[in-house]
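Chemist:
Number of protein chains: 2
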Amino acid sequence: MATLKLPEVVPSPTEDSERLKKAFQGFGTDEKALISVLGRRNSSQRKQIRETYQQLYNESLIDSLHSELSGDFGTAIILWTYDPAERDARLAKDVLKAKKKGIKHLQVLVEISCASSPNHLMAVRQSYCSLFECSLEEDTESSVSEPLRKLLVSLVSSYRYDKEAVSSEVAKIEAERLHEAISGKQLDHDHIIWILSTRNFFQLRKTFACYRELYGNKIEEDINKCGNGDLESLLTVVVWCIDCPEKHFAKVVRDSIVGWGTDEDSLTRAIVTRAETDMLRVRVEYAQMYKKSLDEDVIGDTSGDYREFLMTLLGREK
Amino acid sequence: MATLKLPEVVPSPTEDSERLKKAFQGFGTDEKALISVLGRRNSSQRKQIRETYQQLYNESLIDSLHSELSGDFGTAIILWTYDPAERDARLAKDVLKAKKKGIKHLQVLVEISCASSPNHLMAVRQSYCSLFECSLEEDTESSVSEPLRKLLVSLVSSYRYDKEAVSSEVAKIEAERLHEAISGKQLDHDHIIWILSTRNFFQLRKTFACYRELYGNKIEEDINKCGNGDLESLLTVVVWCIDCPEKHFAKVVRDSIVGWGTDEDSLTRAIVTRAETDMLRVRVEYAQMYKKSLDEDVIGDTSGDYREFLMTLLGREK
Numbered sequence: 001m002a003t004l005k006l007p008e009v010v011p012s013p014t015e016d017s018e019r020l021k022k023a024f025q026g027f028g029t030d031e032k033a034l035i036s037v038l039g040r041r042n043s044s045q046r047k048q049i050r051e052t053y054q055q056l057y058n059e060s061l062i063d064s065l066h067s068e069l070s071g072d073f074g075t076a077i078i079l080w081t082y083d084p085a086e087r088d089a090r091l092a093k094d095v096l097k098a099k100k101k102g103i104k105h106l107q108v109l110v111e112i113s114c115a116s117s118p119n120h121l122m123a124v125r126q127s128y129c130s131l132f133e134c135s136l137e138e139d140t141e142s143s144v145s146e147p148l149r150k151l152l153v154s155l156v157s158s159y160r161y162d163k164e165a166v167s168s169e170v171a172k173i174e175a176e177r178l179h180e181a182i183s184g185k186q187l188d189h190d191h192i193i194w195i196l197s198t199r200n201f202f203q204l205r206k207t208f209a210c211y212r213e214l215y216g217n218k219i220e221e222d223i224n225k226c227g228n229g230d231l232e233s234l235l236t237v238v239v240w241c242i243d244c245p246e247k248h249f250a251k252v253v254r255d256s257i258v259g260w261g262t263d264e265d266s267l268t269r270a271i272v273t274r275a276e277t278d279m280l281r282v283r284v285e286y287a288q289m290y291k292k293s294l295d296e297d298v299i300g301d302t303s304g305d306y307r308e309f310l311m312t313l314l315g316r317e318k
Numbered sequence: 001m002a003t004l005k006l007p008e009v010v011p012s013p014t015e016d017s018e019r020l021k022k023a024f025q026g027f028g029t030d031e032k033a034l035i036s037v038l039g040r041r042n043s044s045q046r047k048q049i050r051e052t053y054q055q056l057y058n059e060s061l062i063d064s065l066h067s068e069l070s071g072d073f074g075t076a077i078i079l080w081t082y083d084p085a086e087r088d089a090r091l092a093k094d095v096l097k098a099k100k101k102g103i104k105h106l107q108v109l110v111e112i113s114c115a116s117s118p119n120h121l122m123a124v125r126q127s128y129c130s131l132f133e134c135s136l137e138e139d140t141e142s143s144v145s146e147p148l149r150k151l152l153v154s155l156v157s158s159y160r161y162d163k164e165a166v167s168s169e170v171a172k173i174e175a176e177r178l179h180e181a182i183s184g185k186q187l188d189h190d191h192i193i194w195i196l197s198t199r200n201f202f203q204l205r206k207t208f209a210c211y212r213e214l215y216g217n218k219i220e221e222d223i224n225k226c227g228n229g230d231l232e233s234l235l236t237v238v239v240w241c242i243d244c245p246e247k248h249f250a251k252v253v254r255d256s257i258v259g260w261g262t263d264e265d266s267l268t269r270a271i272v273t274r275a276e277t278d279m280l281r282v283r284v285e286y287a288q289m290y291k292k293s294l295d296e297d298v299i300g301d302t303s304g305d306y307r308e309f310l311m312t313l314l315g316r317e318k
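First to last, the sequence lines map onto chains B and F.
So in the UniProt record's numbering, the last spot in the first sequence is 318, and the numbers never skip.
So in the UniProt record's numbering, the last spot in the second sequence is 318, and the numbers never skip.
Shown next, in the form of structure tokens:
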């Protein structure tokens, strides 16, 4: 369900590295070459290219990209070139060190912990420790304030069972517990935090479905009835990321485009992080939710190499 | 600082597997042979033996041990033969599924999360998921009750930075926070839980030292002044496991021996889990704390193959 398209014959990492090196040489940078190489390789191929490039030229591909590029295109292609775990560790760090941390920023932590596999989250935590000399949960705890802290620390610390193990009984009991806490407007109740941060994704989807059957509303609708504070918004993101990540990312793309100007950081993050996983479904979800074409909307709000790179990740041939 | 002694020339995994297979054959089992092979190999050698044995005989070494052995000797040598992460995952499961869960049992979870490396804990969590189809934190949450649950769930979910990164400023601030919570007898305060479950071990040792400088008492002394409930006991184990694991394990050995009868499960666990890491220091600590010889005490309370196996792990040549 990826939109990323690989060439029928993938050149060797050495050929790719040589093309990249050539693109950096001479007057200016050949952005088209960067896009046509990096924008059409999957994460393990990009890893091989990073390693080969380092061996051939004794310099890091990421550093070369940093020194040659800037702006939204530079940010996007660098994020894409990182190992996915390192990319997400860096995205998390950017959020946590920012002075202003609204839901728009903090939702990145939810995406990493609820819209990725448990093993990916673990790899992100390992990468975070080696890059920043402290743990992801340590930084989350010290730089996020209540009422969001407790939830976020638990989410980023989770290592859920990652196969389908679902109990209808647990779904019923925990739907009741969630309902009880939500009805009492106790959105920071331990039950909510523990259920959302320890149960496996399949179980949680069953629990949410059970909630709807028992109480007539979707759980996020009831959460939103509690108010429109940060915790309500964050919990809604948690539910969406677990229940249907493609809906969440369709919204991220939409929010980044509507209104005045474009939020390029969010748009880049959504496309870069999902192009290899479920972007095809995000596109379908986007069309259903907004009666518009995601691709056309992205084209309408971007330009130049940045646009071309995003469209390449979206699988649009030139 | 291990007590485990390897032979000067280590036989190949094939030779070892053949000796083990032979020990199982014929009338009865040759326990001495099992001890002299398995009791003198480190974890990576035991892993190779498990793999080679499986290839050679198309059966699992662990299964063979299970079908041939019983009693305390069987339990000990099987625990020793497991991969350390699987061993600890199984120890944790035993604790969590037991009906009676006193501090003596629950402290196993603290040992795994506070007296092991962060990467080992992560491996235990992965092993737990693949063995038991649910996560360690999920089981901890559903089978431990308050006031211990919150602390234990946080501890088993931790992935601490594992190098020495210490700030005197953090030590001072967090010693104050700990003191404030302890003075107010709020041992389940979020500050206590977060500090103990997210900070790296080096930082925490500095924080405990700073606590003592500032307030004149060791932190565990002040914790114990709050009462003699389960939370007080468990927090003391946490502080010891972080500050000086060898002290904790000296106490585990001692407690397993003193009084009527022997608590073989605890004795086995302490020796099996520490023989390859810090058992030499546990022995020194034991002598200082109890003015007795750990080895002599173990000899005095055990017998037969079980005794011989433990003494082999303690590095005593026949």
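The beta carbon of each residue, even a glycine, is placed where N, CA and C say it ideally should be.
Tell me whether B:H189 sits in a helix, a strand or coil according to DSSP, three-state version.
Modeler: Three-state DSSP puts B:H189 in coil, outside helix and strand.
Chemist: Leaving out five residues before and five after B:K278 in sequence, what residues of the same chain have Cβ atoms less than 8 Å from its Cβ?
Modeler: Reading the sequence as shown, one finds Asp at residue 278 of chain B and not Lys. Excluding positions up to five away in sequence, the list reads M1, A2, P245, E246 and F249.
Chemist: Quick check: the segment 205-219 of chain B against the segment 82-97 of chain B, are at least 3 beta-carbon pairs closer than 8 Å?
Modeler: With a cut-off of 8 Å, the segment 205-219 of chain B and the segment 82-97 of chain B do not count as touching, because too few Cβ pairs lie within range.
Chemist: Taking B:Y161 and F:E133 to be in contact with their CB atoms under 8 Å, please state how far apart those CB atoms are, rounded to whole angstroms.
Modeler: 6 Å between Cβ atoms; contact.
Chemist: Any chance the segment 174-186 of chain B sits against the segment 136-156 of chain B, with 3 or more Cβ pairs inside 8 Å?
Modeler: Contact fails: fewer than three Cβ-Cβ distances are below 8 Å.
Chemist: Could you give the DSSP three-state label for B:P147: helix, strand or coil?
Modeler: Three-state DSSP puts B:P147 in coil, outside helix and strand.
Chemist: Have a look at B:A275 and B:P7 and give me their C-alpha separation to the nearest angstrom.
Modeler: Roughly 15 Å between the two C-alpha positions.
Chemist: Do B:R269 and B:V37 have their CB atoms nearer than 8 Å?
Modeler: Contact flag unset, no.
Chemist: May I ask you to list, following chain order, the residues of the segment 94-123 of chain B that have a beta carbon less than 7 Å from some beta carbon of chain F?
Modeler: Taking 7 Å as the Cβ-Cβ cut-off against chain F, the residues of the segment 94-123 of chain B that qualify are M122.
Chemist: Answer yes if the segment 90-101 of chain F comes into contact with the segment 89-106 of chain B, meaning at least three C-beta pairs across the two stretches below 8 Å, and no otherwise.
Modeler: No, the segment 89-106 of chain B does not touch the segment 90-101 of chain F.
Chemist: Evaluate the contact criterion for the segment 106-126 of chain B versus the segment 64-73 of chain B: three or more CB pairs, one atom per stretch, below 8 Å.
Modeler: No, because fewer than three Cβ pairs between the segment 106-126 of chain B and the segment 64-73 of chain B fall closer than 8 Å, the two stretches do not touch.
Chemist: Sorry if obvious, but does the Cβ on F:V95 come closer than 7 Å to a heavy atom of the ligand GTP?
Modeler: Because no ligand of any kind appears in the structure shown, any question about the ligand GTP cannot be addressed here.
Chemist: According to a CB-to-CB cut-off of less than 8 Å, which residues of the segment 126-160 of chain F neighbour chain B?
Modeler: So the list reads Q126, C129, E133, C134, S135, L136, E137, E138, E141, K150, V153, S154, S157, S158, Y159 and R160, given in the order they occur along the chain.
Chemist: Enumerated in chain order, which unbroken segments of the alpha helix (DSSP H) with a length of 4 residues or greater are wholly contained in the segment 49-76 of chain B?
Modeler: Listed in chain order, the complete alpha helix (DSSP H) runs (minimum 4 residues) inside the segment 49-76 of chain B are 61-68.
Chemist: Among B:S266, B:L280, B:E169 and B:R307, which residue has its Cα nearest to the Cα of B:D94?
Modeler: It is B:S266.
Chemist: Please name the residue in F:G261, F:N228, F:V124 and F:I35 whose C-alpha comes closest to that of F:L69.
Modeler: Per the Cα distances, F:I35.
Chemist: Ordered along the chain, which non-local residues of its own chain (more than five positions away) have a Cβ less than 8 Å from that of B:D243?
Modeler: So the qualifying residues of the chain are L204, R205 and F208.
Chemist: With distances taken from CA atoms, which of F:A165, F:F201, F:L20 and F:E180 is nearest F:L155?
Modeler: Nearest C-alpha to F:L155: F:F201.
Chemist: Closest to B:Y57 by C-alpha separation, out of B:K32, B:V10 and B:Q25, would be which residue?
Modeler: Per the Cα distances, B:Q25.
Chemist: Excluding sequence positions up to five away, which residues of its chain have a Cβ less than 6 Å from the Cβ of B:G304?
Modeler: Excluding sequence neighbours, B:G304 sits near nothing in its chain.
Chemist: Just to check my reading of the structure: F:T302 and F:T262 have Cβ atoms closer than 8 Å, yes? What is that Cβ distance to the nearest angstrom?
Modeler: So it is a contact: roughly 7 Å between Cβ atoms.
Chemist: How would you call F:V258, buried or exposed, if buried means at least 16 neighbouring beta carbons within 10 angstroms?
Modeler: Per the 10 Å Cβ criterion, exposed.
Chemist: How big is the Cα-Cα spacing for B:G219 and B:V239?
Modeler: Position check: residue 219 of chain B holds Ile in this sequence, whereas Gly was assumed. Between B:I219 and B:V239, the C-alpha separation is close to 8 Å.
Chemist: Buried or exposed: B:S127, going by 16 or more other Cβ atoms within 10 Å of its Cβ?
Modeler: By the 10 Å Cβ count, B:S127 comes out buried.
Chemist: Using a cut-off of 7 Å between C-beta atoms, extract the partners of F:R90 located in chain B.
Modeler: Per Cβ cutoff of 7 Å: no residues; F:R90 is ~16 Å from chain B at best.
Chemist: Alpha carbon to alpha carbon, how far is B:N217 from B:S233?
Modeler: Between B:N217 and B:S233, the C-alpha separation is close to 17 Å.
Chemist: Considering just the uninterrupted stretch of the alpha helix (DSSP H) at F:E164, what are its terminal residues?
Modeler: No alpha helix (DSSP H) holds F:E164; DSSP gives it neither H nor E.
Chemist: Using three-state DSSP, classify F:E133 as helix, strand or coil.
Modeler: Three-state result, F:E133: coil.
Chemist: So which residues of chain F does B:R205 contact, with C-beta pairs closer than 7 Å?
Modeler: Going along chain F, no residue has its Cβ under 7 Å from B:R205, so there is no contact; the nearest lies around 16 Å.
Chemist: Under 8 Å, with one C-beta from each stretch per pair, do the segment 8-16 of chain B and the segment 45-59 of chain B reach the 3-pair mark?
Modeler: Output reads yes: the segment 45-59 of chain B touches the segment 8-16 of chain B.
Chemist: Return the chain-ordered ranges of every alpha helix (DSSP H) run that is complete within the segment 220-246 of chain B and spans a minimum of 4 residues.
Modeler: Whole alpha helix (DSSP H) segments, 4+ residues: 230-243.
Chemist: In chain order, what residues of the same chain lie with their CB nearer than 6 Å to the CB of B:L61, ignoring the 5 residues before and after it?
Modeler: For B:L61, where only same-chain residues beyond five positions count, the Cβ hits under 6 Å are R50 and Y53.
Chemist: Please go through the same chain and pick out, in chain order, the residues whose beta-carbon is closer than 8 Å to the beta-carbon of F:L231, but skip the five residues on each side of it.
Modeler: Cβ neighbours of F:L231 beyond the five flanking positions: P147, L148, L151, L187 and D188.
Chemist: Locate the alpha helix (DSSP H) running through F:L4, then write down its first and last residues.
Modeler: Looking at the DSSP string, F:L4 is not in any alpha helix (DSSP H), and its letter there is neither H nor E.
Chemist: To the nearest angstrom, how far is the alpha carbon of F:C129 from that of B:V272?
Modeler: Answer to the nearest angstrom: the Cα atoms are 30 Å apart.
Chemist: Would you grab the beta carbon distance between F:S295 and F:L314 for me? Rounded to a whole angstrom, and I think it's under 8 Å.
Modeler: Per the sequence presented here, residue 295 of chain F reads as Asp, with Ser not at that position. Right, the Cβ-Cβ distance comes to about 6 Å (below 8 Å), so this counts as a contact.
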